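> Submitted below is the structure of interest, expressed as C-alpha cells.
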Amino acid sequence: MKRNTLVIGLLAVVCAMLPLCSQAQEVKADAETDRAMTGEPIFTHQLYYTGMVDYEGEMIPSFQYSDFYVFKKLTFKSPAQARKYYKIANNIKKVYPLACEIQATVNQTIAHMDSLPTKKEKDAYMKQQEKELKAKYYPRLKKLTFAQGKLLIKLIDRQCDMTGYELIKKYMGGFKAGFYNAFASLFGASLKKQYDPEVDDRLTERAILLIESGQM
Numbered sequence: 125m126k127r128n129t130l131v132i133g134l135l136a137v138v139c140a141m142l143p144l145c146s147q148a149q150e151v152k153a154d155a156e157t158d159r160a161m162t163g164e165p166i167f168t169h170q171l172y173y174t175g176m177v178d179y180e181g182e183m184i185p186s187f188q189y190s191d192f193y194v195f196k197k198l199t200f201k202s203p204a205q206a207r208k209y210y211k212i213a214n215n216i217k218k219v220y221p222l223a224c225e226i227q228a229t230v231n232q233t234i235a236h237m238d239s240l241p242t243k244k245e246k247d248a249y250m251k252q253q254e255k256e257l258k259a260k261y262y263p264r265l266k267k268l269t270f271a272q273g274k275l276l277i278k279l280i281d282r283q284c285d286m287t288g289y290e291l292i293k294k295y296m297g298g299f300k301a302g303f304y305n306a307f308a309s310l311f312g313a314s315l316k317k318q319y320d321p322e323v324d325d326r327l328t329e330r331a332i333l334l335i336e337s338g339q340m
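In the working numbering, each residue carries its 1-based index in the sequence shown increased by 124.
Written out as C-alpha cells, the structure is:
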C-alpha cells in the first residue's frame with residue numbers, strides 16, 4: 125500500500141546536498157566554549173510544577189526539573205577532533221529540530237492514514253499530503269549541507285526507530301526502497317545507515333542530550 129510519501133521526498137532531497145567547510149581553530153570542551161562555538165541554546169531547561177507535597181508535616185510546593193546531563197570533560201587529542209565535535213554540534217542545532225518535526229509529521233500521517241476506511245480515501249489523502257509537504261519542507265531541505273543531510277538521515281532513524289530504508293520499504297515497498305537507496309549511494313550516503321549512540325555516534329548523542337536539555 126502506498127503510504128508516507130513524505131519520507132521518500134525528505135530522504136531523497138537531503139542526500140543531494142553539498143558539504144560545508146569549517147575553519148581550523150583550537151578549542152577545548154567546556155560550557156563557555158560550547159556557547160562561543162555553537163551560539164545560544166535553542167531549547168530552554170524546563171521547570172515543572174508538580175503540586176503540593178507533605179514535607180515533615182508541612183505542605184510545600186513541589187517542582188521537577190527536566191533532565192540535566194553531566195559528562196566527563198572532553199579531552200581532544202588534536203584541534204581537528206575539537207573542530208569535528210563542534211561542527212557536529214552546530215549541525216545538530218540546525219537539523220535536530222527538523223528531525224523532531226519530521227517524526228511528528230510521520231506519526232500524524234500514519235495515524236490519519238490508518239483511520240481512513242477505504243483505499244480511495246487513503247490515496248486521496250496522500251496525494252494532498254504530498255503537495256503540502258513538498259511545499260513545506262523542500263525550501264528548508266535544499267539549504268542543508270551534504271553533512272547536514274546525512275546527519276538528518278541518521279536522526280530520522282534515532283527519532284522514528286527505523287532507518288529511512290526501512291520506512292520506505294514498510295510503507296512504499298521494497299522496490300522503491302531499493303531505488304531511493306541506490307539514488308542516495310550516488311552521493312555517498314545510505315538510507316540503511318543506523319544511528320549508533322554507543323560507538324559511531326557517541327559524540328553526536330552527547331551533543332544532542334546537551335542541546336535537548338538547554339545546556340548547549
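Backbone N, C-alpha and C define an ideal beta-carbon position, used for all residues, glycine too. Note that the structure is a prediction, hence the values are computed from the model and not measured.
Assuming residue 237 is part of the alpha helix (DSSP H), what are its boundary residues?
For the purposes of this step, residue 237 is taken as residue 113 along the sequence shown, with counting starting at 1. Here the alpha helix (DSSP H) through residue 237 covers 203 to 239.
> Roughly how many angstroms separate the alpha carbons of residue 297 and residue 320, rounded to a whole number?
The residue given as residue 297 occupies position 173 in the sequence shown. The residue given as residue 320 occupies position 196 in the sequence shown. Cα to Cα, residue 297 sits roughly 25 Å from residue 320.
> Taking the Cβ atom as the reference point for each residue, do residue 217 and residue 271 lie within a distance shorter than 9 Å?
One-based indexing of the sequence shown puts residue 217 at position 93. One-based indexing of the sequence shown puts residue 271 at position 147. Cβ distance not < 9 Å, so residue 217 and residue 271 don't count as in contact.
> Rounded to whole angstroms, what is the Cα-Cα separation between residue 230 and residue 181?
The residue given as residue 230 occupies position 106 in the sequence shown. The residue given as residue 181 occupies position 57 in the sequence shown. Taking the straight line from one Cα to the other gives about 49 Å.
> So residue 186 is in the beta strand (DSSP E); what residue range does that whole segment cover?
For the purposes of this step, residue 186 is taken as residue 62 along the sequence shown, with counting starting at 1. Taken as a continuous stretch (DSSP letters only), the beta strand (DSSP E) holding residue 186 covers 182 to 189.
> Residue 149: buried (16+ other C-beta within 10 angstroms of its C-beta) or exposed?
On the sequence shown, position 25 is the one that residue 149 refers to. Residue placement at residue 149 is flagged as unreliable, the pLDDT there being 42, under the threshold of 50; the coordinate-derived value follows with that caveat. The C-beta of residue 149 has fewer than 16 other C-beta atoms within 10 Å across all chains shown, which makes the residue exposed.
> For residue 277 versus residue 308, is the C-beta spacing smaller than 9 Å?
As a working mapping, residue 277 is identified with position 153 in the sequence shown. As a working mapping, residue 308 is identified with position 184 in the sequence shown. Taking 9 Å as the Cβ cut-off, residue 277 and residue 308 qualify as a contacting pair.
> Please report the straight-line C-alpha distance between residue 146 and residue 213, rounded to a whole angstrom.
On the sequence shown, residue 146 is found 22 positions in, with the first residue counted as 1. On the sequence shown, residue 213 is found 89 positions in, with the first residue counted as 1. Because the pLDDT of residue 146 is 35, which lies under 50, any placement of that residue in the model is unreliable, and the question is left without a value.
> Use the C-beta contact count for residue 287: other C-beta atoms within 10 angstroms, 16 or more gives buried, fewer gives exposed.
Position 163 of the sequence shown, counted from the start, is the residue given in the question as residue 287. Buried is the call here.
> Spatial neighbours of residue 314 within its chain, please: C-beta separation below 7 Å, excluding the five flanking residues on both sides.
Here residue 314 corresponds to residue number 190 of the sequence shown, with the count starting at 1. So the list reads 305, 308, once near-sequence residues are dropped.
> In this structure, does DSSP put residue 175 in helix, strand or coil?
As a working mapping, residue 175 is identified with position 51 in the sequence shown. Residue state, collapsed to three classes: strand.
> By a C-beta neighbour count over all protein chains shown, 10 Å radius and 16 as the cutoff for buried, is residue 325 buried or exposed?
Indexing the sequence shown from 1 puts residue 325 at position 201. Residue 325 comes out buried.
> Determine the DSSP secondary structure at residue 193, reduced to helix, strand or coil.
Position 69 of the sequence shown, counting from 1, holds the residue named residue 193. Coil, per DSSP.
> Excluding sequence positions up to five away, which residues of its chain have a Cβ less than 7 Å from the Cβ of residue 162?
Residue 162 sits at position 38 when you count from the first residue of the sequence shown. Non-local beta-carbon contacts of residue 162 in its own chain, meaning distances under 7 Å to residues more than five positions away in sequence, involve 210, 213, 214, 217, 340 in chain order.
> Suppose the cutoff is 6 Å on Cβ atoms and the five residues either side in sequence are ignored; what does the same chain contact list for residue 200 look like?
Stepping through the sequence shown from its first residue, residue 200 is reached at position 76. The answer, listed in chain order, is 206.
> Have a look at residue 155 and residue 198 and give me their C-alpha separation to the nearest angstrom.
Position 31 of the sequence shown, counting from 1, holds the residue named residue 155. Position 74 of the sequence shown, counting from 1, holds the residue named residue 198. Each residue's alpha carbon lies about 11 Å from the other.
> Where does residue 339 sit, in a helix, a strand or coil, going by DSSP?
As a first step, residue 339 must be located in the sequence shown, where it is residue number 215. Correct three-state label for residue 339: coil.
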